[in-house]
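Undergrad: Numbering (the working numbering), first residue to last: 108 to 486.
This is the structure, below, for whatever I ask next.
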Ligand SMILES: Cc1cc2nc3c(=O)[nH]c(=O)nc-3n(C[C@H](O)[C@H](O)[C@H](O)COP(=O)(O)OP(=O)(O)OC[C@H]3O[C@@H](n4cnc5c(N)ncnc54)[C@H](O)[C@@H]3O)c2cc1C
């Protein structure tokens, strides 16, 4: 493990996920020397050809336009998804349609065409140095910490596979298959991902994965060739401060995530760009993310607490409501947008939501160690 003290004016970024690479791209574009340290030998190692959705409902502006406006590459394979099918616990189907793409399906991991590979190529083209196999446990001087999740508030477990299925997406809302979450099946260009995304009862994950596969075989004619087990964790938290030892924390390292359903990529990229701006312009990072991200984080906490109270009956209401709205993107825009209801329900929701990020072993008051989980709990 490296223990880094900086003697030069390079900005060191720990972690080459979307948050760290967005930081590096923004800094390098502004002419700063950047060194990115990635513990694994490749980018996207924890995702390996995972398919994910780059959500397109939190802004009116298309997410690809939004990325370009931030100066972030869109040179990755992205399938616009307008139409899919959601199912309730009784197997009833609900069309999910939107005029504009609801989300773009992207691949994660090191392969060509993936989001991670494109971000890496852009960072390098702008002059950032990326050191693989470089695990940091401490950082001195000027740096940004973007090391991904530190605890599991949710897990998504299932398989990656090859398939002859057509491209598309399928969702299942059933607490017996994905407790307090949802199961999903994504297919793009002969590759697929099927997962149970659960927010409770992690110990019985194998059972839920089995049920997820069986359900999609029945409901969507799932066909897996050469399935490989895959899973990951998500860490959701609204921190008091996203500074540790004076370093900005970007992405899931800070707990920045969509607490409702785990659409964390845009939070990761936005916070990466903000962390870079705070370094470049000497602006208080906490002030930046609080202005840009806090209302969305808070709305997602309120939505999570409400969703957890839904149960299978409530999911039916939600699925019907999105169908009746006629446009799933507009519906999710309404659901995710912070507003009066968020402010009204926030104190109630805060009292009921608690991130699992908690390390009772640590009693440091103001430590700088990357692994420490002692930062203030949800405010
Ligand atoms: C199974 C699964 C499915 C998901 N699906 C979606 C989806 O459909 N849509 C969506 O928007 N989001 C999705 N997410 C969430 C999304 O992937 C994350 O929010 C996003 O990747 C967070 O980016 P990050 O840069 O903060 O962290 P990461 O992507 O985790 O990157 C952190 C990097 O830091 C490196 N690192 C860790 N420790 C060290 C160290 N000490 N030194 C150096 N490097 C280190 C890691 O190896 C890693 O490469 C999903 C997550 C999972 C697990």
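C-beta atoms are modelled at their ideal positions from N, C-alpha and C, and glycine is treated no differently.
Note the first and the last residue of the continuous beta strand (DSSP E) segment covering residue 272.
TA: Careful: residue 272 lies outside any beta strand (DSSP E) and carries neither H nor E.
Undergrad: Run through the segment 171-246 for me and flag every whole alpha helix (DSSP H) of 4 or more residues, listed as ranges in chain order.
TA: Correct list: 222-232.
Undergrad: Give me, in chain order, the residues of the same chain whose beta-carbon lies closer than 8 Å to that of residue 371; leave out the 5 immediate sequence neighbours on both sides.
TA: Contacts found: 341, 358, 359, 363, 364, 365.
Undergrad: Just to check my reading of the structure: residue 319 and residue 265 have Cβ atoms closer than 8 Å, yes? What is that Cβ distance to the nearest angstrom?
TA: 6 Å between Cβ atoms; contact.
Undergrad: How should residue 119 be labelled, buried or exposed, when 16 other C-beta atoms within 10 angstroms of its C-beta is the threshold for buried?
TA: Buried, since its Cβ has 16 or more Cβ neighbours within 10 Å.
Undergrad: With a threshold of 7 Å on Cβ separation, who are the neighbours of residue 225 within its own chain once the five nearest residues in sequence on each side are excluded?
TA: For residue 225, where only same-chain residues beyond five positions count, the Cβ hits under 7 Å are 180, 182, 183.
Undergrad: Going by Cα to Cα distance, which pick from 381, 176, 239 is closest to residue 149?
TA: Selected option, being the one with the closest Cα: 239.
Undergrad: Taking three-plus beta-carbon pairs below 8 Å as touching, is the segment 242-250 in contact with the segment 268-285?
TA: Touching, no.
Undergrad: Quick check: residue 348 and residue 393, are their CB atoms within less than 8 Å of each other?
TA: Against a cut-off of 8 Å, the Cβ pair of residue 393 and residue 348 comes out as a contact.
Undergrad: Are the segment 193-210 and the segment 130-145 touching by the rule of at least three beta carbon pairs closer than 8 Å?
TA: Judged by Cβ distances under 8 Å, the segment 193-210 makes no contact with the segment 130-145, as fewer than three pairs qualify.
Undergrad: For the beta strand (DSSP E) that residue 159 lies in, which residues bound it at each end?
TA: Note, residue 159: beta strand (DSSP E), 158-162.
Undergrad: From 453, 440, 451, pick the residue whose C-alpha is nearest to that of residue 168; which is it?
TA: Looking at the Cα atoms, 440 is the closest of the given residues.
Undergrad: Quick one: does the C-beta of residue 370 sit closer than 7 Å to a heavy atom of ligand 1?
TA: Yes, the beta carbon of residue 370 sits closer than 7 Å to at least one heavy atom of ligand 1.
Undergrad: In three-state terms, what does DSSP make of residue 110?
TA: The pLDDT assigned to residue 110 is 45, lower than 50, so where the model puts this residue is not dependable; a value taken from the coordinates is nonetheless given after this. In the structure shown, residue 110 sits in a strand (DSSP, three-state: E or B).
Undergrad: Which same chain residues, not among the five before or five after residue 453, have their C-beta less than 8 Å away from its C-beta?
TA: Here the set comprises 405, 408, 409.
Undergrad: For ligand 3, any of its heavy atoms closer than 7 Å to the Cβ of residue 324?
TA: In the structure on display, ligand 3 does not appear, and the ligands it does have are ligand 1.
Undergrad: Short of 7 Å in beta carbon distance, which residues of its chain neighbour residue 269, apart from the five on each side in sequence? Order them along the chain.
TA: 297, 298, 332, 333.
Undergrad: Can we count residue 254 as close to ligand 1, meaning its CB is less than 7 Å from some heavy atom?
TA: True, at least one ligand heavy atom lies under 7 Å from that Cβ.
Undergrad: Got a sec, what are the start and stop residues for the alpha helix (DSSP H) residue 312 sits in?
TA: Its alpha helix (DSSP H) spans residues 312-327.
Undergrad: Would you give the residue range spanned by the beta strand (DSSP E) that residue 298 belongs to?
TA: That run of the beta strand (DSSP E) goes 298-305.
Undergrad: Residue 391: which of 196, 433, 378 sits nearest, CA to CA?
TA: If we check each option's Cα against that of residue 391, 378 comes out closest.
Undergrad: Determine the DSSP secondary structure at residue 119, reduced to helix, strand or coil.
TA: Three-state result, residue 119: strand.
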